[in-house]
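Protein chains in written order, with my numbering: chain A, 918 to 1426; chain B, 64 to 384.
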């Protein structure tokens, strides 16, 4: 036994030396060669709400959709690049009114049938039909299918941002006529073209996915399956991670990130912005001078450095900067602090020190901490502030009714186009503050008819300039999205839009 | 004899009828309270389901589908009518509530049974030791431990057990319930122990007092003088007379446990009815909240009635009072 062990150590040492001399450490070689097999356990922070992307609103649903549904295009984790998906190529005509996709000959649904242009046309009817997200596709006038592998989107206006939408899981390709099933049956267990298929589901508890043998990428996915566990409690997610029951925790809370250990978390600047929303429709803050004074009183750099555990950056625009086409305006100096100017504006507005409420959700994210940090800064400028911590449910109701004065709130862009955030801004009455939405509507229309990226950026900038002049929606911090990833998981890159495709993830031995 | 038997069956029928009436009345009151509470709570279930990005028209359509556009009295009447036909309705996600219950009730059941068994298994020896060694060191240690446990929050006990028992040893899972019988048993240990530690202090204190009273009673002295010792003395003369108040207290605690299960399930990430009650309350999923509340209410009434029956069986004099 002793000899065998000694020999094993000696051989190991020799291999180590030779590999180091060759410039490739053994452990690196072992760790960097993807291997097939294994099941990944991923924690979801809440339950999924539907298998139908047009009806689902929970981020958790989309985190699972990206594993199950195939899309025409795919986006890189940083959201900057588009690559082939079920379509191997795309092209615009000269007028940019026809967007043509050539489907990959390998594109196949999980039941073994080929993905055809008829399936894409049928899928479009779902996206633009009874959907919560029909606005994403408003520039598509019709879809033509000249042959089974070619699909042409006829556009009412050139819309360069459409490609990013078509790369999101919302634009899932499903078989024509639901593959012969009723819609109700189909959405219980959909036929799909993503890297994984649904194996089993216990609603609100677990979702088991297994490898799709017909996946269009040869040799992928590496994993045999994914087990999603719904764990709403932050402490429980941490404990299960520490016990080795969970490999990846999606959306780690800023306050809990340090407990996972120094090397356990991966983060990336996300499409989530922490805002101070100021009521512009009624009450003392309807005076823009007071809203501007509030912005100038905030020590933005101190807030970002101390309020978010180092997991944020100073926000420079309302539309998150990670969104392709988002640009801040030249005069938008959201990070400026000028206490004297703030005091002057407060005096000029005739503010008499009546108490103002600053609300924040008591049960989610770093908003309450940010509100507590902002309170003394506003008071230094002469405001009288009461903090109100309210459950998200209560706060959402109050926002809907316009029953607030100031609120600290996180808002996320779900798709990689400025039109997503702008659409949300418009539908929420300029994020509930009752500010005039005319400029946001104009920017949205301009973006959805832009034929080049420059026009998208110009429209974004025009909206940002209006937002800066209005001072009702004050971007405080652009937040990181944090993931806890166990050491045995390889190939993970933190995504910008909270979703990632796990076809290239693998588990080391 | 015939006359007596008739009396007894009449008595039983009367008691059963009374019990059912009590159950029906409790459930009706609870349904009304939960219904009113969910109506006055802030938020709109349709808006919560569809999210802030949905248009008002989409929200209105869903409100109509869910019947939320009707007047509150009509909604309540329609709910009670459906309930009378054993129709629990659908959740706001469109899933039948009966299915939501079916997928989770077994986990809650195992947790209830396990916690009850653990709490009895913990309470009896501790109470006996404490009473038997009254005012000696072991009694003081037990009474102090019981006092500490009495003031510890349930979730904190669970957290400590996970942190200092499950994680270092790996003997027990930190979350969920296992599927095979052995895994199920292993996964029940920590949540049930947590529940038992929370329940036991009151039982230990009650049983200890009763035992001390009975042990020093004249009839126990007489029994001893007649040579009755060991298990015959313990079970026939001491426990039988001391158990009454503890059983009543135990059944009351099992009643509390039905709603305390919410904390146990949340602490140990067990997807049972308790954790579902929390999720449904957040989503204002009225039908699910109502159904789970009814089940728990029925459980409370049943636990109290069973406790009552056992007390009467142990001491028939209770029935004639």
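Even glycine gets a Cβ: it sits at the ideal position worked out from N, Cα and C.
#1: Expressed to the nearest angstrom, what Euclidean distance is found between the alpha-carbon atoms of residue 1020 (chain A) and residue 1157 (chain A)?
#2: Taking residue 1329 (chain A) as the reference, give the member of A:1169, A:1119, A:1286, A:976 with the closest Cα.
#3: To the nearest angstrom, report how far apart residue 1388 (chain A) and residue 250 (chain B) are at their CA atoms.
#4: DSSP on residue 1323 (chain A), reduced to helix/strand/coil?
#5: Taking the C-alpha atoms as reference points, what is the distance between residue 951 (chain A) and residue 1004 (chain A)?
#6: According to DSSP, is residue 1009 (chain A) part of a helix, a strand, or is it coil?
#7: How is residue 1268 (chain A) classed by DSSP in three states: helix, strand or coil?
#8: Just to confirm the assignment, what range does the alpha helix (DSSP H) spanning residue 1397 (chain A) have?
#9: With burial defined as no fewer than 16 other Cβ atoms inside 10 Å of the residue's Cβ, what is the status of residue 79 (chain B): buried or exposed?
#10: By the 10 Å Cβ neighbour count, where 16 or more other Cβ atoms means buried, how is residue 219 (chain B) classified, buried or exposed?
#11: Could you tell me if residue 968 (chain A) is buried or exposed, where buried requires 16 or more neighbouring beta carbons within 10 angstroms of its beta carbon?
#12: Run the CB neighbour count on residue 1409 (chain A), radius 10 Å, all protein chains shown included, and call it buried at 16 or more, exposed below.
#13: Label residue 981 (chain A) either buried or exposed according to how many other C-beta atoms from any shown protein chain fall within 10 Å of its C-beta, with 16 as the threshold for buried.
#14: Return the CA-CA distance between residue 1347 (chain A) and residue 260 (chain B), expressed in angstroms with no decimal places.
#15: Less than 7 angstroms between CB atoms is the rule here; does residue 1191 (chain A) satisfy it with respect to chain B?
#16: Take residue 938 (chain A) and list the residues in its own chain whose beta-carbon comes closer than 7 angstroms to its own, dropping the five residues that flank it on each side.
#17: Roughly how many angstroms separate the alpha carbons of residue 1179 (chain A) and residue 1401 (chain A), rounded to a whole number?
#18: Quick one: what's got a C-beta closer than 7 angstroms to residue 1061 (chain A)'s C-beta in the same chain, skipping five residues either side?
#19: Is the beta carbon of residue 314 (chain B) less than 7 angstroms from the beta carbon of residue 262 (chain B)?
#20: How many angstroms separate the CA atom of residue 175 (chain B) from the CA atom of residue 359 (chain B)?
#21: DSSP three-state call for residue 1121 (chain A): helix, strand or coil?
#22: Would you say residue 1083 (chain A) and residue 990 (chain A) are within 7 angstroms of each other, going by their C-beta atoms?
#23: Using a cut-off of 8 angstroms between C-beta atoms, extract the partners of residue 118 (chain B) located in chain A.
#24: Suppose you measure from the CA of residue 1411 (chain A) to the CA of residue 201 (chain B); what does that come to, to the nearest Å?
#25: Among A:1277, A:988, A:1014, which has the Cα closest to the Cα of residue 1057 (chain A)?
#26: Select from A:1055, A:1342, A:1398, A:1155 the residue whose C-alpha is nearest the C-alpha of residue 1173 (chain A).
#27: Per DSSP, residue 1057 (chain A) is paired with what?
#28: Hey, quick one: how far does the beta strand (DSSP E) through residue 1303 (chain A) stretch, first residue to last?
#29: Beta carbons nearer than 8 angstroms to chain A: which residues of the segment 222-238 of chain B have them?
#30: With a cut-off of 7 angstroms, does the C-beta of residue 323 (chain B) fall near any C-beta of chain A?
#31: Where do the N-terminal and C-terminal ends of the alpha helix (DSSP H) with residue 1001 (chain A) fall, by residue?
#32: Classify residue 1216 (chain A) as helix, strand or coil using the three-state DSSP reduction.
#33: Might you give, ordered along the chain, the residues of its own chain that have their beta carbon closer than 6 angstroms to the beta carbon of residue 329 (chain B), omitting 5 neighbours on each side?
#34: With a cut-off of 8 angstroms on the beta carbons, I'd call residue 1339 (chain A) and residue 1380 (chain A) a contact; round off their distance for me.
#35: Is the CB of residue 940 (chain A) under 7 angstroms away from at least one CB in chain B?
#36: Can you find a heavy atom of the ligand PLP that lies under 6 angstroms from the Cβ of residue 1115 (chain A)?
So, from the data block:
#1: On the first chain, position 103 is the one that residue 1020 (chain A) refers to. On the first chain, position 240 is the one that residue 1157 (chain A) refers to. Taking the straight line joining both Cα atoms gives about 42 angstroms.
#2: Here residue 1329 (chain A) refers to the residue found at position 412 when the first chain is read from its first residue. The residue with the shortest Cα to Cα distance from residue 1329 (chain A) is A:976.
#3: Counted from its first residue, the first chain places residue 1388 (chain A) at position 471. Counted from its first residue, the second chain places residue 250 (chain B) at position 187. About 54 angstroms.
#4: Locating residue 1323 (chain A) in the first chain gives position 406, counting from the first residue. Residue 1323 (chain A) falls in the strand class under three-state DSSP.
#5: For the purposes of this step, residue 951 (chain A) is taken as the residue at position 34 of the first chain. For the purposes of this step, residue 1004 (chain A) is taken as the residue at position 87 of the first chain. Taking C-alpha positions only, residue 951 (chain A) is separated from residue 1004 (chain A) by approximately 25 angstroms.
#6: The residue labelled residue 1009 (chain A) in the question sits at position 92 within the first chain. Looking at residue 1009 (chain A) - three-state DSSP - the assignment turns out to be strand.
#7: For the purposes of this step, residue 1268 (chain A) is taken as the residue at position 351 of the first chain. It is coil, neither helix nor strand.
#8: Residue mapping note: residue 1397 (chain A) aligns to position 480 of the first chain, counting from 1. If you look at residue 1397 (chain A), you'll find it isn't in any alpha helix (DSSP H); it sits in the beta strand (DSSP E) that goes 1390-1402.
#9: On the second chain, residue 79 (chain B) is found 16 positions in, with the first residue counted as 1. Burial call: exposed.
#10: To locate residue 219 (chain B), count along the second chain from 1; it is residue 156. With fewer than 16 other Cβ atoms from the protein chains shown falling within 10 Å of its own Cβ, residue 219 (chain B) counts as exposed.
#11: Taking the first chain and counting its residues from 1, one reaches residue 968 (chain A) at position 51. Only buried fits residue 968 (chain A), as 16 or more other CB atoms lie within 10 angstroms of its CB.
#12: Locating residue 1409 (chain A) in the first chain gives position 492, where the first residue counts as 1. Label assigned to residue 1409 (chain A): buried.
#13: Locating residue 981 (chain A) in the first chain gives position 64, where the first residue counts as 1. Counting every other CB atom within 10 Å of its CB across the protein chains shown gives residue 981 (chain A) a total of 16 or more, marking it as buried.
#14: Here the question's residue 1347 (chain A) lines up with position 430 in the first chain. Here the question's residue 260 (chain B) lines up with position 197 in the second chain. About 52 angstroms.
#15: Sequence index remark: in the first chain, residue 1191 (chain A) carries index 274 (1-based). Answer no: the Cβ-Cβ gap between residue 1191 (chain A) and chain B never drops below 7 angstroms.
#16: The residue you call residue 938 (chain A) lines up with position 21 of the first chain. Here the model assigns residue 938 (chain A) a pLDDT of 40, short of 50, so the residue's position is not dependable and the matter cannot be decided.
#17: If you number the first chain from 1, residue 1179 (chain A) lands on position 262. If you number the first chain from 1, residue 1401 (chain A) lands on position 484. Rounded to the nearest angstrom, the two C-alpha atoms are 10 angstroms apart.
#18: Here residue 1061 (chain A) refers to the residue found at position 144 when the first chain is read from its first residue. Excluding residues up to 5 positions away in sequence, 1069, 1071 lie with their Cβ nearer than 7 angstroms to the Cβ of residue 1061 (chain A) in the same chain.
#19: Here residue 314 (chain B) corresponds to residue number 251 of the second chain, with the count starting at 1. Here residue 262 (chain B) corresponds to residue number 199 of the second chain, with the count starting at 1. Not in contact: residue 314 (chain B) and residue 262 (chain B) (Cβ atoms no closer than 7 angstroms).
#20: Locating residue 175 (chain B) in the second chain gives position 112, where the first residue counts as 1. Locating residue 359 (chain B) in the second chain gives position 296, where the first residue counts as 1. Their backbone Cα atoms lie some 11 angstroms apart in a straight line.
#21: For the purposes of this step, residue 1121 (chain A) is identified with residue 204 of the first chain, where counting begins at 1. The answer is coil: DSSP assigns residue 1121 (chain A) none of H, G, I, E or B.
#22: By one-based count along the first chain, residue 1083 (chain A) stands at place 166. By one-based count along the first chain, residue 990 (chain A) stands at place 73. Yes, the Cβ-Cβ distance between residue 1083 (chain A) and residue 990 (chain A) is below 7 angstroms.
#23: Within the second chain, the letter at position 55 stands for residue 118 (chain B). Neighbours of residue 118 (chain B) across chain A, judged by C-beta separation under 8 angstroms: 1344.
#24: To locate residue 1411 (chain A), count along the first chain from 1; it is residue 494. To locate residue 201 (chain B), count along the second chain from 1; it is residue 138. Residue 1411 (chain A) and residue 201 (chain B) have their C-alpha atoms spaced approximately 57 angstroms apart.
#25: As a position in the first chain, residue 1057 (chain A) is number 140, starting the count at 1. It is A:1014.
#26: Position 256 of the first chain, counted from the start, is the residue given in the question as residue 1173 (chain A). Checking every option, the nearest Cα to that of residue 1173 (chain A) belongs to A:1155.
#27: Position 140 of the first chain, counted from the first residue, corresponds to residue 1057 (chain A). According to DSSP, residue 1057 (chain A) shares a beta bridge with A:1072.
#28: Along the first chain, read from residue 1 onward, the residue named residue 1303 (chain A) stands at position 386. Annotation for residue 1303 (chain A): the continuous beta strand (DSSP E) segment containing it runs 1302-1307.
#29: Taking 8 angstroms as the Cβ-Cβ cut-off against chain A, the residues of the segment 222-238 of chain B that qualify are 222, 225, 226, 229, 230, 233, 236, 237, 238.
#30: The count along the second chain starts at 1 and reaches residue 323 (chain B) at position 260. With its beta carbon at least 7 angstroms from every one in chain A, residue 323 (chain B) lies outside the interface.
#31: For this step, residue 1001 (chain A) is matched to residue 84 along the first chain. Note, residue 1001 (chain A): premise wrong, no alpha helix (DSSP H); beta strand (DSSP E) at 999-1001.
#32: Along the first chain, one-based indexing puts residue 1216 (chain A) at 299. Three-state result, residue 1216 (chain A): coil.
#33: In the second chain, counting from the first residue as 1, residue 329 (chain B) sits at position 266. The residues are 338.
#34: Residue numbering aside, residue 1339 (chain A) sits at position 422 when the first chain is read from its first letter. Residue numbering aside, residue 1380 (chain A) sits at position 463 when the first chain is read from its first letter. Yes, residue 1339 (chain A) and residue 1380 (chain A) are in contact; Cβ-Cβ is about 7 angstroms, under 8 angstroms.
#35: Locating residue 940 (chain A) in the first chain gives position 23, where the first residue counts as 1. Summary for residue 940 (chain A): the model assigns pLDDT 40, below 50, so the residue's position carries little reliability; its value from the coordinates is reported in the next sentence. It does not: the Cβ of residue 940 (chain A) has no partner Cβ on chain B nearer than 7 angstroms.
#36: Among the components of this structure there are no ligands whatsoever, and the ligand PLP is therefore not found.
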